[in-house]
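Visitor: The opening position of the sequence shown corresponds to residue 1 in our numbering, with each subsequent residue numbered one higher.
Idealized CB from N, CA, C, for every residue including glycine.
Predicted, not measured: the structure shown is a model, and the values here were computed from it.
Dropping a structure here in structure tokens format, bear with me for questions.
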Amino acid sequence: MFNQKTIQVGVIMLEFIGFVPHPPIIIEEVGREETIKISATTKAMEKISADIKNANPDVIVAITPHGHVFSDAVTITALDILSGNLKKFGAPQIKVEFKLDHEVVNRIVESCRKSPIICSALDKKLLFQFKCPAELDHGLVVPLSFVVKTGWDGNLVPINMGLLPYEELYHFGKILRDTLDALGRSWVLLASGDMSHSLRPGSPSGYSPQGAVFDEIIRQSIREGNVMRIFDLEESLVEEAAECGLRPLIMALGALDGYEINSEELSYEGQFGVGYLVAQLRAGKNDISREIIKDLYKKRKERLDKYQDKETMPVKLARESIKHYLEKGQVLSVSLEYEDLKINKAGVFVSLKMHGSLRGCIGTVVPEQENIAQEIIHNAVSAAIRDPRFHPLQKEELNDIIISVDILEEPEEVVSMTELNPLEYGVIVSNGKKKGLLLPKLTGIKEPEEQIEIAKQKAGIRPDEPVKLERFRVIRYT
1 MFNQKTIQVG
11 VIMLEFIGFV
21 PHPPIIIEEV
31 GREETIKISA
41 TTKAMEKISA
51 DIKNANPDVI
61 VAITPHGHVF
71 SDAVTITALD
81 ILSGNLKKFG
91 APQIKVEFKL
101 DHEVVNRIVE
111 SCRKSPIICS
121 ALDKKLLFQF
131 KCPAELDHGL
141 VVPLSFVVKT
151 GWDGNLVPIN
161 MGLLPYEELY
171 HFGKILRDTL
181 DALGRSWVLL
191 ASGDMSHSLR
201 PGSPSGYSPQ
211 GAVFDEIIRQ
221 SIREGNVMRI
231 FDLEESLVEE
241 AAECGLRPLI
251 MALGALDGYE
261 INSEELSYEG
271 QFGVGYLVAQ
281 LRAGKNDISR
291 EIIKDLYKKR
301 KERLDKYQDK
311 ETMPVKLARE
321 SIKHYLEKGQ
331 VLSVSLEYED
341 LKINKAGVFV
351 SLKMHGSLRG
361 CIGTVVPEQE
371 NIAQEIIHNA
381 VSAAIRDPRF
391 HPLQKEELND
401 IIISVDILEE
411 PEEVVSMTEL
421 NPLEYGVIVS
431 NGKKKGLLLP
441 KLTGIKEPEE
451 QIEIAKQKAG
461 IRPDEPVKLE
471 RFRVIRYT
């Protein structure tokens, strides 16, 4: 039974947004004596939960970065009973269970069909088809376990973030608000996400001074209600921060599009090398100047157009090769424009990124074609349609793709790990017929040991197996 509240047309039904972290260590049964070290986070989470109990919303919409994440869609776990626990963290007794609000889910999916955003409800059949677990992940179980303690027993809509452009994620947040408003449901939006995972030496993603910079920008942006500053973040800064909360936060901010933002930071801690931020955001006065969705899409197009205008010759050739193949199903012939790339031979790697995430990467260590131009042409097509980690690139995706081309110098054998430097050299590991390669200058790879470990994994070589080591430089074109 839904709360008997008077529904006024044009009145926002969102009670508030809670931006919350999800460290299992905050649960005493998991963290034991370590839990006390983040007591400020615990108190802030308890306040958010108490405010939910007092507001008594019809439904909680909760966004997680650790659920069923797809590269091309936002999804909603759509089971009648939604449950999860912290068994894999040693605390199976910590569990949550809620009923799904089917009507809200159906209306969200329906509303997204009228937008550029793909949203799918993952019922039991689809979860099985995509081999997705039915249980709620710790990104939801941890914060919701605080809510359960208050005795609140309303319905839940669990949303799995997608690896979509930030603009579309923000737009999705606006769709959430419009949908709940139209249904007259009072609701709280919980956006679950941790900040930088690279705050200190020994952090889960290694140390980067940019981690603290990222966290401070996000904190200040929330305090000031400055949404545009978040959209202006450099991709390299986000990568160095190694966060898991940016996309959920952007989705949540979309729910306040067109409104002033009244925010309060309840706590921030980073004792374990990960930033735990708890903040509460509410809608203030309606402000048409803060309706920014159209501007965001426009700026995104301008940014991509500007990027393509500045592409170097090897990258232009890679893009042209992919476009030609997707449109005609044929390998591109080298035009006179690219004659300089026909002079030499070399191994080439072509990497594709989309919305800040890898979308394909295929290459050759030693040349397999007549010249560099042909190497780029063939490897670009392979990166687009033959990388087994991704579904084949579609023609309509091409304008959103950021391409880089690495031309490899001749590999040289090394006898000691001290001769390696992930920022300068790529590495090749080999054992018999097994061979693995890792390019240099990859985000988050700072130590030779990490470089070798990943290259071994790619080659199917066990960690304890000896390997021949080679290093190589690349010329990277963007």
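Since ILE94 and ASN85 should fall inside the 8 Å C-beta cutoff, what is the C-beta to C-beta distance between them, to a whole number of angstroms?
Guide: 6 Å
Visitor: If contacts are defined as beta-carbon pairs under 8 Å, then PHE349 and PRO411 qualify, I think. What distance do you get, rounded to the angstrom?
Guide: Wrong, their Cβ atoms sit about 13 Å apart, outside the cutoff.
Visitor: Does the contact criterion of 3 or more C-beta pairs under 8 Å hold for the stretch 170-182 versus the stretch 254-267?
Guide: yes
Visitor: Is the beta carbon of GLY436 sitting closer than 8 Å to the one on ILE461?
Guide: yes
Visitor: Write down the C-beta distance between GLY444 and SER205 rounded to the nearest angstrom, noting that I regard them as a contact closer than 8 Å.
Guide: Here GLY444 really is in contact with SER205; their C-beta atoms are around 6 Å apart, less than 8 Å.
Visitor: May I have the straight-line CA-CA distance separating ASP58 from PHE146, to the nearest angstrom?
Guide: 18 Å
Visitor: For ALA182, count neighbouring Cβ atoms within 10 angstroms of its own Cβ and tell me buried if that reaches 16, exposed if not.
Guide: exposed
Visitor: List the DSSP bridge partners of ASN371.
Guide: The partner list for ASN371 (beta bridge, DSSP) is empty, contrary to what the question assumes.
Visitor: Starting from the Cα of LYS395, find the closest Cα among HIS378, PRO422, SER404, ILE322 and give me that residue.
Guide: ILE322
Visitor: Tell me whether LEU336 is buried or exposed, calling it buried when 16 or more other Cβ atoms sit within 10 Å of its Cβ.
Guide: exposed
Visitor: To the nearest whole angstrom, what separates the beta carbons of PRO116 and GLU168, a pair I think is in contact under 8 Å?
Guide: 6 Å
Visitor: Name the DSSP beta bridge partners of ILE402, please?
Guide: LYS353
Visitor: Hey, out of CYS361, HIS378, LYS99, whose CA is closest to GLN369's CA?
Guide: HIS378
Visitor: Less than 8 Å between the beta carbons of TYR477 and LEU296, yes or no?
Guide: no
Visitor: Touching or not, the stretch 280-288 and the stretch 233-248, by the rule of three or more beta carbon pairs under 8 Å?
Guide: Counting Cβ pairs under 8 Å, fewer than three are found: no touch.
Visitor: Assuming HIS355 and LEU100 make a contact with CB atoms under 8 Å, what is their CB distance in whole Å?
Guide: Not confirmed; about 28 Å, so no contact.
Visitor: Determine the extent of the alpha helix (DSSP H) in which ILE17 is found, giving its start and end residues.
Guide: Looking at the DSSP string, ILE17 is not in any alpha helix (DSSP H); the run it does join, the beta strand (DSSP E), is 14-20.
Visitor: On the CB-based measure, 16 or more other CB atoms within 10 Å of its CB, does SER208 come out buried or exposed?
Guide: Burial call: buried.
Visitor: Going by DSSP in three states, TYR170 sits in which element: helix, strand or coil?
Guide: Of the three classes helix, strand and coil, the one that applies to TYR170 here is helix, per DSSP.
Visitor: My output table needs one value for ARG113: the three-state DSSP class, helix, strand or coil.
Guide: Residue state, collapsed to three classes: coil.
Visitor: Taking the alpha helix (DSSP H) that SER263 falls in, what are its first and last residues?
Guide: Looking at the DSSP string, SER263 is not in any alpha helix (DSSP H); the run it does join, the beta strand (DSSP E), is 259-269.
Visitor: Is there contact between the stretch 440-457 and the stretch 409-429, where contact requires at least three CB pairs shorter than 8 Å?
Guide: yes
Visitor: Would you kindly check if the distance between the Cβ of VAL381 and the Cβ of ILE292 is under 8 Å?
Guide: no
Visitor: As a quick exercise: from ILE385, VAL365, THR312, ILE372, pick the residue whose alpha carbon is nearest that of GLY329.
Guide: ILE385
Visitor: For the candidate residues VAL467, LEU423, GLY347, GLY284, whose alpha-carbon lies nearest to that of PHE16?
Guide: GLY284
Visitor: Where does MET1 fall in DSSP's three states?
Guide: Reliability fails at MET1, whose pLDDT of 42 lies under 50, so the model's placement of it is uncertain and no value is given.
Visitor: So, helix, strand or coil for PRO57, using DSSP?
Guide: coil
Visitor: Once you ignore the five residues that flank VAL414 on each side, which residues in its own chain have a CB closer than 7 Å to its CB?
Guide: LEU420, LEU469, GLU470, ARG471
Visitor: Here's the rule: buried if 16 or more other CB atoms are within 10 angstroms of the residue's CB, otherwise exposed. What is PRO133?
Guide: So PRO133 ends up on the exposed side.
Visitor: Nearest by alpha-carbon distance to VAL96: which of VAL142, PHE130, ARG113, PHE89 is it?
Guide: VAL142
Visitor: Determine the direct distance from the alpha carbon of SER404 to that of SER49, and round the result to whole angstroms.
Guide: 46 Å
Visitor: Does the Cβ of PRO466 have 16 or more other Cβ atoms within 10 Å, making it buried, or fewer, making it exposed?
Guide: exposed
Visitor: Distance check for ALA191 and ILE482, CA to CA, integer angstroms please.
Guide: Beyond the ends of the chain as shown, which are 1 and 478, falls residue 482; an answer cannot be given.
Visitor: Return the CA-CA distance between LEU317 and ALA373, expressed in angstroms with no decimal places.
Guide: 8 Å
Visitor: Distance check for THR418 and GLY347, CA to CA, integer angstroms please.
Guide: Cα to Cα, the separation comes out at about 25 Å.
Visitor: So LEU332 packs on GLY360, CB below 8 Å; how close in whole Å?
Guide: Not a contact, Cβ separation roughly 17 Å.
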